[in-house]
Structures are given as C-alpha cells and as structure tokens.
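My numbering puts the first residue of the sequence shown at 222, with every later residue one more than the last. The beta-carbon is built from N, C-alpha and C at its ideal position, and this holds for glycine as well.
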Amino acid sequence: MAYTQFYKECQIFGTVDFIFGGARAVFQDCDIFIRKPLPGSGLVVTAHGRNNDYEPTGYSLQGCKVTAAPELNPSDYAKAFLGRPWFGLSRTVYMQSFLDGLVDPQGWVDDWGHKDTAYCGEHKNYGPGSSTNNRVNWPHYHAITDQNTAEFFTVAHFISGYNWLPETGVPFTPGFENQPVRLN
222 MAYTQFYKEC
232 QIFGTVDFIF
242 GGARAVFQDC
252 DIFIRKPLPG
262 SGLVVTAHGR
272 NNDYEPTGYS
282 LQGCKVTAAP
292 ELNPSDYAKA
302 FLGRPWFGLS
312 RTVYMQSFLD
322 GLVDPQGWVD
332 DWGHKDTAYC
342 GEHKNYGPGS
352 STNNRVNWPH
362 YHAITDQNTA
372 EFFTVAHFIS
382 GYNWLPETGV
392 PFTPGFENQP
402 VRLN
C-alpha cells in the first residue's frame, strides 16, 4: 500500500502541476481551483509520474469540480489542461467530474514527449469543458464508455479502499453513486 493516498472533499488550489508525483491516489469530491498563473506560465492540473508497468500508481479524480479560482477572471487566463504525463507510463483519469469552460478542448498536453505511452482517460464528466470531441488524438487517450473499465479507477479497486479506509473513519464512495461494487 506504499504511495497509496485518498483525498475526500478537499479544496486544492494551484497553477501548474499542482497535483504532482508518482503516487496511487484517488481524489473524490474535491474542489480543484485553477489560480492566475505567472506571466508566460501555463495552466495544468496534474503531472503524474510512472515508469514501469508493474507500478500500480496513477491518479483518479472522481466527482471533482475543476473551476477557476475566485480571483481568476476569464480575461486573465489561457485555457487550462487536465494534465500532462510526467513519465512514460503516467496514468490519470477524470470520472464524473465537472469540468468548467476554462478546460482546453484538447484536454491534455504533452510537454515531455510521453503522449505515445501515457494513459489519460475521461468517464462521464460534465460541464462546459467536458466534451471529448476535440480531445487529443493519442494512442492511450481514452474517452471511457465501458463501465467495467471505469470501475478499475474507483476507490474499491484502484486503491483497495475497503482494506484500509473504514478504519480511518473517512467517508468514501467505493464505486459509482447508487451502483453496487463488484469485487472480483
């Protein structure tokens, strides 16, 4: 369970790669606020790093809201990106999340040359920035439509939440709202 993390109903603020690292983490029902960048800087929420197929790491953002911070006026920013793969086998998925209009239609950006191997996915997001029609055309970008595939990125499966979260007392949704979780 090393590097396994769970965040529930947090407020997370930042500009570039403010959810960053090589952990296996689920962010559930978090408010993600994109702040005004420094001149010449971009806006990117995540930068996950994973080098090996055997590492069970990645980011799953479920039921989150990605919006502009209160001090950010629409005229102040360029479009924001959901993430960029930091290492070759990076893995990041947004599910059932509200994506505001500041999200770039491409959704993702590749500044480090890992677009051919990184896994970037989206499942049942909503809001003005959620359309996947103009997303990146990368080999491992997935507009996930299969519920079984998406279920892999839930608390129950991705971070084995049933094994350790109950003893913490932190509330969590193991799968998708109002749907049973299959544990096979």
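*With 16 as the cutoff for other CB atoms within 10 Å, does G261 come out buried or exposed?*
Against the sequence shown, residue 261 aligns to sequence position 40. Answer is exposed; the Cβ neighbour count stays below 16.
*Where G334 and L264 are concerned, what is the direct C-alpha to C-alpha distance, given to the nearest angstrom?*
As a first step, residue 334 is located in the sequence shown; it is residue number 113 there, counting from the start. As a first step, residue 264 is located in the sequence shown; it is residue number 43 there, counting from the start. Looking at the two C-alpha atoms, the distance is approximately 18 Å.
*How far does the alpha helix (DSSP H) with A377 in it reach, from first residue to last?*
Working through the sequence shown from its first residue, we reach residue 377 at position 156. Bounds of the alpha helix (DSSP H) holding A377 are 376-379.
*Please confirm whether any heavy atom of the ligand MG lies closer than 7 Å to the CB of Q317.*
Looking at this structure, you won't find the ligand MG or any other ligand, since it has none at all.
_Contact check, P349 vs G309, beta carbons under 8 Å_ = Locating residue 349 in the sequence shown gives position 128, counting from the first residue. Locating residue 309 in the sequence shown gives position 88, counting from the first residue. Not a contact, by the Cβ cut-off of 8 Å.
*Starting from A299 and walking both ways along the alpha helix (DSSP H), at which residues does that stretch end?*
To locate residue 299, count along the sequence shown from 1; it is residue 78. Per DSSP, A299 is not a residue of any alpha helix (DSSP H), being assigned neither H nor E.
_Looking only at its chain, what residues have a beta carbon closer than 6 Å to the beta carbon of Y340, apart from the 5 residues adjacent to it on each side?_
By one-based count along the sequence shown, residue 340 stands at place 119. Correct list, in chain order: R312, H361.
*asked:* Taking 8 Å as the threshold (C-beta atoms), are R245 and T225 in contact?
replied: Translated into positions along the sequence shown, residue 225 becomes position 4. Translated into positions along the sequence shown, residue 245 becomes position 24. Result yes, Cβ atoms of T225 and R245 sit closer than 8 Å.
*Counting only runs of 3+ residues fully inside the stretch 354-398, write out the beta strand (DSSP E) ranges in chain order.*
362-364
*Could you say which of Q368, V287, N294 lies nearest to G328 if we only look at CA atoms?*
To locate residue 328, count along the sequence shown from 1; it is residue 107. Ranking the options by Cα distance to G328, first place goes to V287.
*Distance, Cα to Cα, P392 vs V314?*
Here residue 392 corresponds to residue number 171 of the sequence shown, with the count starting at 1. Here residue 314 corresponds to residue number 93 of the sequence shown, with the count starting at 1. If I take the Cα positions, the gap works out to 21 Å.
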